[in-house]
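Residue numbers (my numbering), protein chains in the order written: chain A, 1 to 331; chain B, 1001 to 1343.
Report on the following structure.
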């Protein structure tokens, strides 16, 4: 059945070209402004390509060489060559190497030591300057689980911190008292999932809160009374998937919203219809479509904890978080 | 690229033409042996980055390096490495922290949602007036301190600009908790709620201000619970179909004063729903019915098991109403919620 409205179809070829163009010189201002997170940009682009089942659209060897060149003497990775290490870019680097089957090319101990070195008083900072945020709790746990060195972290301290960020509405904030926000909810749930601690969550209240993120247009917002944004298709939907409640949103309407945010000329997906696309929203829009079971294209299934293709996660032995989901949650 | 109040960014001449930079050979962008996503720069940014790389590579610690780091950050505040370099320079040069705070403040107007700016601010404030020293004074004297007064004013302005700025609220929580400025916070929250009763961040802050950093298991005394119920209902009356006060009062009481759910909240919302002036609005908002489900469940919990059935049946009937009439958008949730009543 041919859709008459182009934006009810997934413009897969255009998205592939959009992502490939990231590899070329560009006059677009966005590209020099994002040098410092190039490593994350590559991760976002690769996820989208893998989910579109076009993994070879970028040169893997080139990427691996580049990523390895972003590792610093402290064992962490910067966002670009000769950039200082940060947990965010270390995460993206490890994920990219995992996806490309090149994790064996780094010294696991060096990266582990870098991450473990950022833990103080139970919580993990994003860098040596001490910024604390529940995002970093997840990232530290996710990195070490991918490296197989999770036992070197004081995971109890992390669980305690995440629990302290749980709010009266069932959601999670960036730290104790912080307003519930869908992105923080995702990172806290994903962290607890890896550590097998999901029982601390108020499953029903949080699921209800997440379901409420869907607005009449079908899009999802990140907290009450805020605008919809394609990236919440991931943060909210992955959270609901971990909670086993993804059917509580109208997935068809959500797909319609994501598709309407595609750029028909340039390819790529924007935060909302009519805006300029970027690789971040392209990644999370694609992941959202996959989780929502979009039928118009054979997207690869995505793991809701790691935001990487399910088959890669399982092959790496990381799919076992599903075994640790509370017994009472399985229906 | 100019920022008012930042004297180190005033000279618009290219660095290559500035006498102060003649001794430096800029280092061109090196995209590594296998360039991925090479980036096109505007000429000015490209030049600045070349000089920044040069002075970083040379380990230079100077006023001009500090100024340059500021220009790069101003152009691209997410540039993490420029921040790292700047922080090290501030230390090494023993820069005036007050001046650094001025610089951060000027930049924040343009970049209100940048993580590094807010975190840098925290570090500077802590250095300007360590909390340990501050807490030796009573709260009213702390509030009179110019450093804290400025910070409260700054974050207040940021919230005037964008009342839901996640970073600003987070920073304010850090400030209030670290310097124990609890006594003044509730009034601030009330002002924000008055400005926009639908501001979920402000209601979240009310919870923060009421709890005052105490554990999640704290039980609030009856008078406080009653006062918060009255406050919430007053704002519900103003706009019944508004998620935030409902979520706030139900969430607060469930955790910290469960008995008040049916002793205080229930009669007040029932009265409002019976009032002809408010009945249509109340009966058509999902939040009213949802609160009733929570309240009846809590009431049932307080009874012996044999006596719970009528309340739980009522809660289930309300879930049906929500699923089929009042909140059809979330009907899957309400159908499930019905099965979970009393579980």
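Cβ coordinates follow ideal geometry from the N, Cα and C atoms, glycine included.
Measuring straight from C-alpha to C-alpha, what distance separates residue i and residue j?
i	j	result
residue 151(A)	residue 95(A)	19 Å
residue 1313(B)	residue 1288(B)	17 Å
residue 1139(B)	residue 223(A)	33 Å
residue 1110(B)	residue 1280(B)	44 Å
residue 1322(B)	residue 1150(B)	48 Å
residue 155(A)	residue 324(A)	15 Å
residue 1009(B)	residue 1229(B)	Residue placement at residue 1009(B) is flagged as unreliable, the pLDDT there being 40, under the threshold of 50; a coordinate-derived value is accordingly withheld.
residue 1325(B)	residue 1290(B)	13 Å
residue 49(A)	residue 57(A)	7 Å
residue 59(A)	residue 1134(B)	56 Å
residue 37(A)	residue 82(A)	12 Å
residue 313(A)	residue 99(A)	8 Å
residue 126(A)	residue 85(A)	9 Å
residue 1199(B)	residue 1103(B)	30 Å
residue 133(A)	residue 1118(B)	13 Å
residue 1239(B)	residue 1197(B)	8 Å
residue 1116(B)	residue 1128(B)	18 Å
residue 68(A)	residue 107(A)	11 Å
residue 117(A)	residue 191(A)	19 Å
residue 1072(B)	residue 1092(B)	19 Å
residue 296(A)	residue 1261(B)	48 Å
Name, please, each residue of chain B whose Cβ falls closer than 9 Å to the Cβ of residue i.
i	result
residue 226(A)	1164, 1200
residue 40(A)	Under the 9 Å cutoff, chain B gives no residues; its nearest Cβ is about 11 Å from residue 40(A).
residue 181(A)	1166
Determine, using beta carbons only, whether residue i comes closer than 7 Å to chain B.
i	result
residue 235(A)	no
residue 248(A)	yes
residue 260(A)	no
residue 160(A)	no
residue 101(A)	no
residue 174(A)	yes
residue 83(A)	yes
residue 36(A)	yes
residue 208(A)	yes
residue 151(A)	no
residue 329(A)	no
residue 265(A)	no
residue 204(A)	yes
Residues of chain B with CB under 7 Å from residue i, in chain order?
i	result
residue 223(A)	1200
residue 192(A)	Result: empty, since nearest Cβ-Cβ is about 16 Å, beyond 7 Å.
residue 78(A)	1081
residue 86(A)	1080
So, does the CB of residue i fall closer than 7 Å to a CB anywhere in chain A?
i	result
residue 1346(B)	Coverage of chain B is limited to positions 1001 through 1343, which leaves residue 1346(B) absent and any answer about it impossible.
residue 1039(B)	Reliability fails at residue 1039(B), whose pLDDT of 45 lies under 50, so the model's placement of it is uncertain and the value that follows must be treated cautiously. Taking Cβ atoms only, chain A reaches closer than 7 Å to residue 1039(B), which makes this a yes.
residue 1070(B)	no
residue 1084(B)	yes
residue 1157(B)	no
residue 1007(B)	Note on residue 1007(B): pLDDT 40, under 50, position unreliable in the model; no value is reported.
residue 1208(B)	yes
residue 1114(B)	no
residue 1324(B)	no
residue 1013(B)	no
residue 1036(B)	Confidence in residue 1036(B) is poor, its pLDDT being 46 and thus under 50, which makes the residue's placement unreliable; the coordinate value appears in the next sentence. With 7 Å as the cut-off, residue 1036(B) counts as an interface residue toward chain A.
residue 1262(B)	no
residue 1296(B)	no
residue 1187(B)	no
Starting from residue i, follow the alpha helix (DSSP H) in both directions and report where the run begins and ends.
i	result
residue 153(A)	Segment: none, residue 153(A) is in no alpha helix (DSSP H) and carries neither H nor E.
residue 1280(B)	1279-1284
residue 1045(B)	1043-1057
residue 106(A)	Where residue 106(A) is concerned, there is no enclosing alpha helix (DSSP H), given that its DSSP letter is neither H nor E.
residue 1343(B)	That residue, residue 1343(B), is in no alpha helix (DSSP H); it is neither H nor E in DSSP.
residue 1087(B)	1080-1092
residue 1318(B)	1309-1321
Starting from the beta carbon of residue i, find every residue of chain A whose beta carbon is closer than 7 Å, and list them in chain order.
i	result
residue 1252(B)	168
residue 1284(B)	Neighbours of residue 1284(B) on chain A: none; closest Cβ ~16 Å, over 7 Å.
residue 1173(B)	177, 178
residue 1255(B)	168
For a contact meaning CB atoms closer than 8 Å, what does residue i contact in chain A?
i	result
residue 1342(B)	None at all; the shortest Cβ gap to chain A is about 12 Å.
residue 1243(B)	212, 224, 225
Cβ-heavy atom distance between residue i and the ligand ZN below 6 Å?
i	result
residue 150(A)	Questions concerning the ligand ZN fall outside what the structure shown contains, since it holds no ligand whatsoever.
Give the interface partners of residue i over in chain B, defined as CB-CB distance under 8 Å, in chain order.
i	result
residue 211(A)	1330, 1332, 1333
* Segments assigned alpha helix (DSSP H), at least 4 residues, entirely inside the region 203-278 of chain A -> Within the region 203-278 of chain A, the runs of alpha helix (DSSP H) that reach at least 4 residues and sit entirely inside it are, in chain order, 203-211, 232-243, 251-260.
Query raised in the report: Which residue spans inside the region 1176-1248 of chain B form an unbroken alpha helix (DSSP H) run of at least 4?
Result: The DSSP assignment places 1182-1195, 1200-1211, 1222-1238 as complete runs of the alpha helix (DSSP H) inside the region 1176-1248 of chain B, in order along the chain (cut-off: 4 residues).
Sequence ranges, alpha helix (DSSP H) only - wholly within the region 11-87 of chain A, length at least 4
Runs of the alpha helix (DSSP H) inside the region 11-87 of chain A: 12-20, 29-33, 38-51, 60-68.
Exercise for the section: Please specify which runs of the alpha helix (DSSP H), each continuous and at least 4 residues long, are wholly inside the region 1142-1174 of chain B, giving them in chain order. Expected result: DSSP runs (the alpha helix (DSSP H)) wholly in the region 1142-1174 of chain B: 1146-1161.
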